[in-house]
């Protein structure tokens, strides 16, 4: 079963940050520039050092001049009078552009001449639009660097995985064990990743980059960015120098410059949150005065006859005797005077079953999404208030065949009951003995019938072995550790019931979940091919997500290759055993290394090695017999990809100088 707490947190953070992202300065400035509202864009930049940049001021005036020139050409082509636009453009060029063209920045005069040529040559609107989009991206990227605005972790993760997928599609080398991607994922990748990227701002717009132009960067950081982003060496060095040598900052700068479809991402996140039950709780009811006003407004819209009927119904309801309320729940710390505790508990259980049977609704064969949410909210409320027996009775009354048909949901519900008994006071039927009785009657039989539940049974029984410290003057059920365990058990139970009832709603798996699962598989295969680990996996939350998903079975090609290698090794071992036995000598019974044959492991083994830790720069490629320093040296001088450099080093015995002599004869 998948535990998607890490992905749930990312989705909730993205949904809460969505309205904040739309109000950020960089996106607002981009919107103004794309609308050719240059005055409003400059006003938004007030308070930033970019507003005083001569480059930005000259470019804004130049864009205004080019806009007037385009309007003049359009008016002339339509048979109108372009005199007004032409006069405004010439006045702007004479009074503001010409004085700044000599000292704004180095290429200002060249840009001024190109702008003046707009008066003589009418250029198309498409080219003007592309130029404006490029300029808006440059300014937005510079604003992000100064303001320090960041995107959500989910958006950055998807940008990273989508860029990696795009880079892999352009590669022509895919080994036999490369994971396949469904058509739905391919379509989502093409829709999410938009063409184009915010260009790097020139040094004239960011004067601080002139001081960092001579900054020495680490070759390990350069290779890490090249391996992860698929960029060339020149771009990686420029990113590091712009980020003051920080590889993580350079990565985030590139990811934020990548365009994605924010509307589609918001739709995927909302769909995932709805399927997982992560949507925000309903808003509280309005105040009494507001409700009274609304009721008065509704009454005014109703006819007088309807109002009289409503008043009569209210009077009849007031005259009826009140319903018999359930007795209040006895506190767990109170003592029971007289009587057998087990008999009282059995009687209480029968009362709960009768009440649940009276209040429960039948579970139809097909559930709507609203019915599923209502049922889950009811179960969560009962479990959170430590009424697991009533929750179980309600499920049995709704559908007696539901829990026997779904052992994971039944185990999760019984685990809540186990913890409730464990942390309750002995006077009300709690304690270790009562909890172990629940485990013996319910948890253990489920684990015996379904062996996949045995690890969960061991984890539940471990809670009974560890003593929990009781707070001073209180019972153990009030301790923070007990509350944390019970809250986690309630969340697991609700998730298990939701997963079991989802087929009745005819709801498919969230597209975001399937997309991230397949992209993570491609991520694992990519870095397995590169014989290194991802330096940015922990920063982007990839390690936490991979720990959430169960390990996928090994591909068929890998299994076939492993079986073939094992068969060859077995034949070689039998031949050696026969030869050694004939000579009367003992022989080694371990695995026999066969030259040229490598037994391929499963993807789960590779992921365990990746999750075990280690960094890119302190490790070496032990499988290939090539040192990490030799790989970096070959990549630095040749500009080749990492796996190509490894293949060349293997062919030349791991000698970097021999590889360089072969590449540069």
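Numbering (our numbering), first residue to last: 18 to 682. Cβ coordinates follow ideal geometry from the N, Cα and C atoms, glycine included.
Once DSSP output is grouped into helix, strand and coil, what is the label at residue i?
i: residue 302; result: Residue placement at residue 302 is flagged as unreliable, the pLDDT there being 43, under the threshold of 50; a coordinate-derived value is accordingly withheld.
i: residue 254; result: helix
i: residue 279; result: helix
i: residue 445; result: helix
i: residue 643; result: strand
i: residue 218; result: coil
i: residue 31; result: helix
i: residue 234; result: coil
i: residue 249; result: coil
i: residue 122; result: coil
i: residue 421; result: helix
i: residue 654; result: helix
i: residue 682; result: coil
i: residue 86; result: helix
i: residue 294; result: coil
i: residue 416; result: coil
i: residue 322; result: Interpretation of residue 322 is limited by its pLDDT of 47, a score under 50 that renders its predicted location unreliable; the figure taken from the coordinates is listed afterwards. The answer is helix: DSSP assigns residue 322 an H, G or I state.
i: residue 260; result: coil
i: residue 560; result: helix
i: residue 601; result: Low confidence applies to residue 601: its pLDDT is 43, below 50, so where it sits in the model is not reliable, and the reading given next is rough at best. Looking at residue 601 - three-state DSSP - the assignment turns out to be coil, as it is neither helix nor strand.
i: residue 25; result: helix
i: residue 148; result: helix
i: residue 565; result: helix
i: residue 397; result: helix
i: residue 672; result: coil
i: residue 554; result: coil
i: residue 440; result: coil
If we count the other Cβ atoms within 10 Å of its Cβ and call it buried at 16 or more, is residue i buried or exposed?
i: residue 506; result: buried
i: residue 152; result: buried
i: residue 123; result: exposed
i: residue 672; result: exposed
i: residue 245; result: buried
i: residue 681; result: exposed
i: residue 421; result: exposed
i: residue 527; result: buried
i: residue 538; result: buried
i: residue 199; result: exposed
i: residue 131; result: exposed
i: residue 457; result: exposed
i: residue 215; result: buried
i: residue 446; result: buried
i: residue 238; result: buried
i: residue 525; result: exposed
i: residue 501; result: exposed
i: residue 563; result: buried
i: residue 78; result: buried
i: residue 169; result: buried
i: residue 154; result: buried
i: residue 580; result: At residue 580, the pLDDT of 47 sits below 50, so the modelled position is not reliable; the number obtained from the coordinates is stated separately. When all chains shown are included, residue 580 counts as exposed.
i: residue 182; result: buried
Kindly list the residues whose CB is nearer than 7 angstroms to the CB of residue i, restricted to its own chain and excluding five residues on each side of it in sequence; keep chain order.
i: residue 641; result: Its pLDDT being 49, under 50, residue 641 is placed unreliably by the model, and nothing is read from it.
i: residue 185; result: 539 and 543
i: residue 81; result: 55 and 109
i: residue 256; result: 242, 267, 270 and 271
i: residue 66; result: 163
i: residue 650; result: 673
i: residue 276; result: 211, 213 and 214
i: residue 113; result: 78
i: residue 295; result: 25, 28 and 29
i: residue 161; result: 43 and 273
Sorted by chain position, which residues of the same chain lie with C-beta nearer than 6 angstroms to residue i's C-beta, five sequence neighbours on each side aside?
i: residue 268; result: 553
i: residue 75; result: 117, 121 and 125
i: residue 83; result: 132 and 135
i: residue 105; result: 85
Which same chain residues, not among the five before or five after residue i, have their C-beta less than 8 angstroms away from its C-beta?
i: residue 656; result: 249 and 250
i: residue 307; result: Reliability of the predicted coordinates at residue 307 is poor, the pLDDT of 42 falling under 50, and the value obtained from them is presented with this limitation in mind. Closer than 8 angstroms at the Cβ level, and outside the excluded window around residue 307, lies no residue.
i: residue 466; result: 424
| request: Ignoring anything shorter than 4 residues or poking outside the stretch 154-213, list the alpha helix (DSSP H) runs there in chain order. | output: Taking only runs of at least 4 residues, the alpha helix (DSSP H) segments lying wholly in the stretch 154-213 are 170-187 and 200-209.
| request: Would you mind listing the alpha helix (DSSP H) stretches within the stretch 505-552 that are 4+ residues and don't spill past its ends, in chain order? | output: 528-546
| Those runs of the alpha helix (DSSP H) which lie wholly inside the stretch 450-490 and span at least 4 residues | 461-466 and 471-482
| task | Enumerate, from N- to C-terminal direction, the unbroken beta strand (DSSP E) stretches of 3 or more residues contained entirely within the stretch 40-75. | result | none
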